[in-house]
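Peer 1: One line per chain: the protein sequences are A and B, in this order.
Here my numbering is used: the first residue of the first sequence is 386, the next is one more, and so on.
Here my numbering is used: the first residue of the second sequence is 386, the next is one more, and so on.
C-beta atoms are modelled at their ideal positions from N, C-alpha and C, and glycine is treated no differently.
There are 2 protein chains.
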Amino acid sequence: MKAEIITIGDELLIGQIINTNQAYIAERLNSAGIYCDRMTTVGDEAVTITDAFAAALERVDIVCVTGGLGPTHDDITKKMVCEFFHTALVMHEGTLAHINALALKRNISMIQTNIDQALVPKNCTVIPNVHGTAPGMLFEQNNKYFFVMPGVPFEMKEMVDSWIIPFLKKKNIGTVIQHLTLKTTGIGESMLAHEIGNVEDVIGSDGTTTLAFLPNPMGTKLRITVKDKTVESAHAKLLKAETVLRSKIEKYIYSEDERDLEDVIGQILNEQSLTLATAESCTGGLIANRITNVSGSSAYFLGGYVVYSNQLKIDELGVPAKLIADHGAVSKEVAEAMAYGARLTAKTDIAMSTTGIAGPTGGTPEKPVGLCWIGYSDAVSSFALKFNFGDNRIRFKERASQAALELLRKKLLKLQ
Amino acid sequence: MKAEIITIGDELLIGQIINTNQAYIAERLNSAGIYCDRMTTVGDEAVTITDAFAAALERVDIVCVTGGLGPTHDDITKKMVCEFFHTALVMHEGTLAHINALALKRNISMIQTNIDQALVPKNCTVIPNVHGTAPGMLFEQNNKYFFVMPGVPFEMKEMVDSWIIPFLKKKNIGTVIQHLTLKTTGIGESMLAHEIGNVEDVIGSDGTTTLAFLPNPMGTKLRITVKDKTVESAHAKLLKAETVLRSKIEKYIYSEDERDLEDVIGQILNEQSLTLATAESCTGGLIANRITNVSGSSAYFLGGYVVYSNQLKIDELGVPAKLIADHGAVSKEVAEAMAYGARLTAKTDIAMSTTGIAGPTGGTPEKPVGLCWIGYSDAVSSFALKFNFGDNRIRFKERASQAALELLRKKLLKLQ
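1) In this structure, does DSSP put Ala764 (chain B) in helix, strand or coil?
2) Report the rounded CA-to-CA distance for Pro506 (chain B) versus Ile500 (chain B), giving the unit in angstroms.
3) Using three-state DSSP, classify Phe598 (chain A) as helix, strand or coil.
4) By the 8 Å beta-carbon criterion, what residues does the segment 542-555 of chain A contribute toward chain B?
5) Quick one: complete beta strand (DSSP E) runs, 3+ long, within the segment 422-505 of chain A?
6) Consult DSSP for Met522 (chain A) and reduce its assignment to one of helix, strand or coil.
7) Whole beta strand (DSSP E) runs in the segment 663-744 of chain B with 3 or more residues, listed along the chain?
8) Counting only C-beta atoms, is Ile437 (chain A) closer than 9 Å to chain B at any point?
9) Considering only their Cβ atoms, is the gap separating Leu659 (chain A) from Ala731 (chain A) smaller than 9 Å?
10) For Ile419 (chain A), name the three-state secondary structure that DSSP assigns.
11) Nearest chain D C-beta to Arg413 (chain A) closer than 9 Å, yes or no?
12) If we define contact as Cβ-Cβ less than 9 Å, is Arg780 (chain B) a contact residue for chain A?
13) For Cys757 (chain B), go through chain A and note every residue whose CB falls closer than 7 Å to its CB, in chain order.
14) Chain B beta carbons: is any one of them nearer than 9 Å to that of Ile496 (chain A)?
15) With the cut-off set at 9 Å, would you say Ile609 (chain A) and Leu565 (chain A) are in Cβ contact?
16) Under the DSSP definition of a beta bridge, which residues are partnered with Cys757 (chain B)?
17) Relative to the C-alpha of Trp758 (chain A), which candidate in A:Thr746, A:Ala743, A:Thr739 and A:Phe774 has its C-alpha closest?
18) Less than 9 Å between CB atoms is the rule here; does His477 (chain A) satisfy it with respect to chain B?
19) Please say whether Leu523 (chain A) and Met549 (chain A) have beta carbons closer to each other than 9 Å?
20) Could you check if Gly726 (chain B) is buried or exposed, using at least 16 other CB atoms within 10 Å of its CB as the buried criterion?
21) Less than 9 Å separating the beta-carbons of Gly775 (chain A) and Asn678 (chain B)?
22) Would you list the one or two residues that DSSP bridges to Tyr530 (chain A)?
23) Can you find the residues in the same chain that come closer than 6 Å, C-beta to C-beta, to Asn485 (chain A), ignoring five residues on each side of it along the sequence?
24) Answer with yes or no whether the minimum CB distance from Phe686 (chain B) to chain A is below 9 Å.
25) Taking any Cβ of chain A, which residues in the segment 388-404 of chain B have a Cβ under 9 Å from it, in chain order?
26) What is the DSSP secondary structure of Lys606 (chain B), reduced to helix, strand or coil?
27) Residues bridged to Ser640 (chain A) by DSSP?
28) According to DSSP, is Thr628 (chain B) part of a helix, a strand, or is it coil?
29) Could you pull out every residue in the same chain whose Cβ sits closer than 6 Å to the Cβ of Asn404 (chain B), ignoring the five residues on either side in sequence?
30) Kindly list the residues whose CB is nearer than 8 Å to the CB of Asp422 (chain B), restricted to its own chain and excluding five residues on each side of it in sequence; keep chain order.
31) So which of A:Phe552, A:Val704 and A:Ile496 has the shortest CA-CA distance to Arg728 (chain A)?
32) Please decide whether Ala503 (chain A) counts as near chain B, where near means a Cβ-Cβ distance under 9 Å.
33) What does His564 (chain A) touch in chain B if you count any residue whose Cβ is under 9 Å from its own?
34) Quick one: any contact between the segment 578-595 of chain B and the segment 624-633 of chain B, if contact means 3 or more CB pairs under 8 Å?
35) Are the CB atoms of Ala684 (chain B) and Met737 (chain B) nearer to each other than 9 Å?
36) Taking the continuous alpha helix (DSSP H) assigned at Lys554 (chain A), which residues delimit it?
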């Protein structure tokens, strides 16, 4: 069975909001063995919405709609599904009780717009909205399933995970699709393709396996996909493709599936019972932020310094003032001294540092925008490596944080 | 004239990649007065791609396609446009020279896949790709414009900004669309709608103006849109709607248009010649990271402490050990002492702090997951406020950073 995702909202069409709902739903459907064939985004406009509903139900068996269920005047999706499925709104007592309970818990008073949220189309199955007030809906017609959800991501996600996916699994309509993703960094897409060589060596030639290259500023993901008859044969093909890939480009791979570098690092630090501190200048706290996005990171991450001013580099990390005067704050010597100082001050086993010119201004011919030194220090050695991460400030920070974490991974695994 | 955006790639349909290209292109088209009517995402699959091309050219005058132009085997878009526009690939010398130059600059050797990138359809106009190797293309047919770009966001963005938008402006085909966005925080969507009251008071009743509510965990954006005959009348209506809105909910508005709170804060700190430090526990560096995303932030942001361990809170910020023993690390007293200590240690005018339980584990009945104290300190006073940001770790960090920056904004503007 194939699915189609329809997201509704003018905010999407004018580009004010990035559509994260599509990807979330697609990923969840996919992991349940249901392939999403197309995604369509339309505005809060009656004719286009109806047109999109009709075209999708024509093409596929499962339609997931999000958006336009809110309490305000610009939300027309509920009205449109009513018309589309020739039904009328009725009060749903369960939803009303839920909205009352939410209001009580959040200590807010019920107003008419809240009560109206409990009105649902007569012939739908209500999908509870644990985190919000707008209920989801399921319409069943000729063995096709039409789901409608609010556009607020965490409300939608809960519905997908707790209700829709279990519902579809119970119907037993998925086929076998398996994916494996290998994340690489430190090598460009073309060179990666070159090192991999003939793709058929990896995926074979029976048409069941595909390999995709997904580049982004942090690195290139390699996604292997197998569509096969049984879980066992799909899994075997996935493993074979992985083995061949690893034999060619192992040293660039830092994780499988969707694990981020901060997760990988965290696990290794935990396993090796090591503690970490960070001393960030140009990355401005991004490395610490990424590390602390991992639940349980307090076990190995003791803390970090964001030393934007030279004075703080001196006062907090003990970087000698003369070193900054002689070499400049963006230098090999200062990067090393920052890492060394952070390790001693925070009393950790390891420390990482960054100092660079994130731009867009502040560069010189000798030290251009993009220049970055990444420092490392442990009980055995302290050193720093030179990089250039380009002239876009946000991308610079992302790339620098990625390179720092990758350097740490390689040191921990004795690959560098 | 209306536009449609087609994004191509299996990685989008399986939800592995969030589609940011759509939003970027739509926003740029919109600001040039061209309304995007629909967005469609399809996979790397010949029939569906051709089908999407044909349907879009049927419906609208401008089609923007991204994705599938890369150098690897899974990229079939160039082949598909060739078939669709009945043409063949030829070598484009200008592109080949550009690719050679790029390879030289990046110190990588040319391989056949790089050279093949310079092949383009015979009857297209080449759109230069400044940052990459895959050229963009324009096909003109019956006064319709069909643009094809690579899917790598920063390559695509440069093409849109430097080539496509100027091209469309020269053709003079846009109508007048104006938007104004007011960003609010610290109030829920329903209550905001309630305080605004009758929407017609804001947008009038002539049908030219619309008001949209765009909620997310950081707050709710209010977007006013006017589609009108002249720039002047559209602008006047926008201003009128803004004035009415501000008269009702001024205190929740922290910025207009798309400015983030960290930008707003930065401007105020600059204007008031004040310096800032941060002391973060539960937000783990996110506040410092947001502040340093702003170019020029080194003028007012001296640095930050990410004090995950209790020992660092004591050693770096001078939080009395007894305070932590008596009240716990997550407490009003410790939040205040962290802000106070950071201000003294970093020698800044102001410091902000956070201490809380980001979860998903670590809560107790008295101090549940989600609890967060946000501290503030300046020469006159130090205090802390209590919040609850829920049990999703990433959302918790986002909300806490937003509340801390909003508290700082209010203090700076003497609104709190």
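Peer 2: In short, the structure shows the following:
1) Assigned with DSSP and collapsed to three states, Ala764 (chain B) falls in coil, not helix or strand.
2) C-alpha of Pro506 (chain B) to C-alpha of Ile500 (chain B): approximately 15 Å in a straight line.
3) Strand at Phe598 (chain A).
4) Answer set for the segment 542-555 of chain A: empty.
5) For the segment 422-505 of chain A, whole beta strand (DSSP E) runs of length 3 or above, ordered along the chain, are 447-451 and 474-476.
6) Reduced to three states, the DSSP call for Met522 (chain A) is strand.
7) Counting whole runs of 3 or more residues, the segment 663-744 of chain B contains the beta strand (DSSP E) stretches 686-692 and 735-741.
8) Before going further, note that residue 437 (chain A) is Ala rather than Ile in the sequence given. Taking 9 Å as the threshold, the shortest C-beta distance from Ala437 (chain A) to chain B falls below it.
9) With a cutoff of 9 Å on beta-carbon distance, Ala731 (chain A) and Leu659 (chain A) are scored as not near each other.
10) Ile419 (chain A) falls in the coil class under three-state DSSP.
11) Absent from the structure is chain D; the protein chains it does hold are A and B.
12) Arg780 (chain B) counts as touching chain A.
13) What Cys757 (chain B) touches in chain A: nothing, since even the nearest Cβ is about 14 Å away.
14) Cβ-Cβ to chain B under 9 Å: yes for Ile496 (chain A).
15) If you check the CB distance, Ile609 (chain A) and Leu565 (chain A) come in under 9 Å.
16) Answer is B:Gly741 and B:Phe772.
17) Looking at the Cα atoms, A:Thr739 is the closest of the given residues.
18) His477 (chain A) does not count as touching chain B.
19) The question names Met, but residue 549 (chain A) in the sequence shown is Ile. It is a contact, given that the beta carbons lie within the stated cut-off.
20) Buried, since its Cβ has 16 or more Cβ neighbours within 10 Å.
21) It is not a contact, given that the beta carbons lie outside the stated cut-off.
22) In the DSSP secondary-structure assignment, Tyr530 (chain A) is bridged to A:Ile447 and A:Glu525.
23) The answer is none, since no qualifying residue turns up.
24) So, interface residue.
25) Hits within the stretch, in order: Ile390, Thr392, Gly394, Asp395, Glu396, Leu397, Leu398, Ile399, Gly400, Gln401, Ile402, Ile403 and Asn404.
26) Three-state DSSP puts Lys606 (chain B) in a strand.
27) Looking at the DSSP output, Ser640 (chain A) shares a beta bridge with A:Lys568.
28) It is helical.
29) Same-chain partners within the cutoff: Thr392 and Leu397.
30) Counting only Cβ-Cβ distances below 8 Å, and skipping sequence neighbours, we find Lys387, Ala388, Glu389, Arg444 and Val445.
31) Out of A:Phe552, A:Val704 and A:Ile496, the CA that lies nearest to the CA of Arg728 (chain A) is found in A:Val704.
32) With a threshold of 9 Å between beta carbons, Ala503 (chain A) makes no contact with chain B.
33) Going along chain B in sequence order, the residues near His564 (chain A) (Cβ under 9 Å) are Ile399 and Gln401.
34) Yes, they touch.
35) Not closer than 9 Å, so no.
36) Per DSSP, Lys554 (chain A) belongs to the alpha helix (DSSP H) from Ile550 to Lys556.
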